[in-house]
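Numbering (this note's numbering), first residue to last: 206 to 603. Every residue, glycine too, gets a C-beta built ideally from N, C-alpha and C.
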Amino acid sequence: MTPPPRTATLFHDVRPFGGPARDLVAVDGLLVAEVPPGAVVERVDGGGRLALPTLVDAHIHPDKTSWGEPWHSRRPAHGIAEYVAGDVELARALPTPVAERALRLMSHAAAQGTRAMRAHADVAPAYGLSGIEGVAEAARKLAGIVDVELVAFPQHGVVRTPGVTELLAEAAASGLVTHIGGIDPAGFDADGDGDQLGTVFALAEEHGLGLDIHLHDRGEQGLAPLRDIAARTRALGLRGRVSVAHAFAVAGLSGTELDETADLLAEAGIALTTVALSATTILPFRRLAERGVRVGLGSDGVRDSWSPFGDADMLHRAWLAAWALDARLDEELEGCFRLAADGGAELLGLPKADLRPGSPADFMLVDGECVPQVVVDLPRRDLVVRAGRVVARDGRLV
Ligand SMILES: [Zn+2]
């Protein structure tokens with residue numbers, strides 16, 4: 206009996222990174238140099254479009270979103286505790302279950318060219334594990350389209366909110382999460398008895414999970430926990446499995462102080478994520494990368510109780526990063542694209558999608574001229590390809 210012929214998908218007339226037109230050939234989810242002999246060929250016409258790797262959202266909160274829901278009017282809020290109260294209020298007011306809202310947002314993200322994401326979902330007595338379960342359900346429905354890592358995020362604090370430690374333990378044992386979260390151990394979560402970092406590191410170690418800790422505190426209040434996180438990471442042998450989100454304290458550093466902190470993080474194997482909120486909070490990702498620190502870019506909350514902004518479109522997030530950095534030069538604009546494409550991929554441990562033979566056949570086709578121009582103009586994603594298969598056309602999943 207002869208085996209069935211292999212199938213290849215040939216994307217004809219595309220321009221990888223804006224270079225000369227050629228064909229891209231995908232077999233078994235990977236790009237190959239040419240169509241294998243005897244393969245059955247499915248042909249997709251690229252129409253001379255630009256081909257770019259699809260992107261990775263290294264930090265998003267799908268459980269909190271009101272994306273696709275009626276407009277939500279926000280009240281003034283000051284400090285994390287008031288924002289958190291707003292989260293609970295919005296979650297109770299929204300008529301649509303988490304799983305459905307998360308699926309809607311994550312589908313939209315995938316159709317805009319997100320191939321993978323690290324999603325945070327709140328774990329607190331106000332919700333139990335419903336956020337985790339809802340996002341996990343959405344992720345199951347999007348299997349093969351977008352890869353999802355899930356963080357059990359103690360947004361309400363571990364020390365300051367009774368019951369969170371037990372829920373985190375339940376989440377860790379559920380098999381649904383890849384990471385345990387944390388939040389501002391020296392600021393927001395410092396009031397109370399207990400040791401947040403001790404608790405979350407112990408859970409991660411016990412269950413073989415990674416850690417992804419929100420750190421908004423600036424100055425020494427942020428840097429001291431960062432040193433603590435680095436020491437615990439080394440002591441528990443969790444190198445490569447710990448990341449810190451926002452790290453505004455690092456964004457505030459320059460010169461020798463920045464280099465020394467970068468070296469500490471690189472040596473402990475700790476990655477950072479940034480969401481490009483502003484010139485003062487975006488991480489100096491190129492300098493950090495030069496010193497061996499992995500940095501990913503993310504959406505953070507999307508149209509949630511904290512902010513009406515955000516759209517889960519990682520190309521737009523690259524635009525925001527470029528805007529925040531006052532980018533003018535092509536290399537600066539391309540650097541923001543690479544942060545969205547490669548930074549998150551490295552953080553999530555995914556193979557780089559660089560459109561070369563052997564790399565994942567994960568790319569998008571857009572009407573455009575070159576990478577810097579695409580970052581500025583944000584063209585519609587005409588076609589999104591995941592593992593060699595067309596998963597979205599014209600900004601919608603097929
Ligand atoms: Zn966040």
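- For ASP292, the CB stays at least 6 Å from every heavy atom of ligand 1.
- Exclusion of the five residues before and after ALA376 leaves VAL328, LEU334, ILE337, ALA357, VAL382 as the residues of its chain whose Cβ lies within less than 7 Å of its Cβ.
- Leaving aside the five residues that flank HIS521 on each side, the residues in its chain whose CB is nearer than 7 Å to its CB run, in chain order, LEU583.
- Distance from the Cα of GLY251 is smallest, within the candidate group VAL237, PRO267, ASP268, LEU229, for LEU229.
- Selection around ligand 1 by beta-carbon proximity, strictly under 6 Å to any non-hydrogen atom, yields HIS264, HIS266, HIS325, HIS419, ALA450, ASP505 in chain order.
- In this structure, LEU502 and ALA481 form a Cβ contact; the two beta carbons are roughly 7 Å apart against a cut-off of 8 Å.
- Listed as beta-bridge partners of HIS384 by DSSP are VAL356, GLY415.
- Beta-bridge analysis with DSSP links ALA326 to ALA357.
- Between ASP396 and HIS419 the beta-carbon gap is near 17 Å, outside 8 Å, which marks them as no contact.
- The residues ALA546, ALA558, PHE568, in chain order, have a CB closer than 6 Å to that of PRO258 in the same chain once the five nearest residues on each side in sequence are set aside.
- In this structure SER504 is buried. Its beta-carbon is surrounded by 16 or more other beta-carbon atoms within 10 angstroms.
- In this structure, DSSP gives PHE393 a state outside helix and strand, which the three-state scheme calls coil.
- Taking C-alpha positions only, SER483 is separated from ALA450 by approximately 15 Å.
- Across the structure, ALA476 and ASP587 are spaced so that their CA atoms are roughly 32 Å apart.
- The three-state reading of DSSP puts HIS277 in coil, since its state is none of H, G, I, E or B.
- Contact annotation: the segment 283-293 touches the segment 508-518, with at least three C-beta pairs closer than 8 Å.
- For GLY253, the enclosing beta strand (DSSP E) begins and ends at 245-258.
- Nearest Cα to ARG601 within the set VAL249, THR366, SER312: SER312.
- In the DSSP assignment, ASP262 forms a beta bridge with MET322.
- One Cα belongs to LEU570, the other to SER564, and the distance between them is close to 17 Å.
- Annotated as distal: THR270 and LEU299, with beta-carbon spacing of 7 Å or more.
- In the three-state reduction of the DSSP assignment, THR479 falls in the strand class.
- Two segments are said to touch when three or more pairs of C-beta atoms, one from each, lie closer than 8 Å; by this definition the segment 238-250 does not touch the segment 274-283.
- Residue environment analysis places SER448 among the buried positions, since at least 16 neighbouring C-beta atoms fall within 10 angstroms of its C-beta.
- Comparing C-alpha distances from PHE393 to each of LEU408, GLU371, ARG423, PRO225 shows the shortest one belongs to ARG423.
- As the crow flies, the alpha-carbon of GLU551 is around 18 Å from that of ARG591.
- The beta carbons of GLY413 and ARG446 sit no closer together than 7 Å.
- A residue is called buried once 16 or more other Cβ atoms fall within 10 Å of its Cβ, and GLY540 is buried on that count.
- The residues ARG496, GLY497, VAL498, in chain order, have a CB closer than 7 Å to that of ALA471 in the same chain once the five nearest residues on each side in sequence are set aside.
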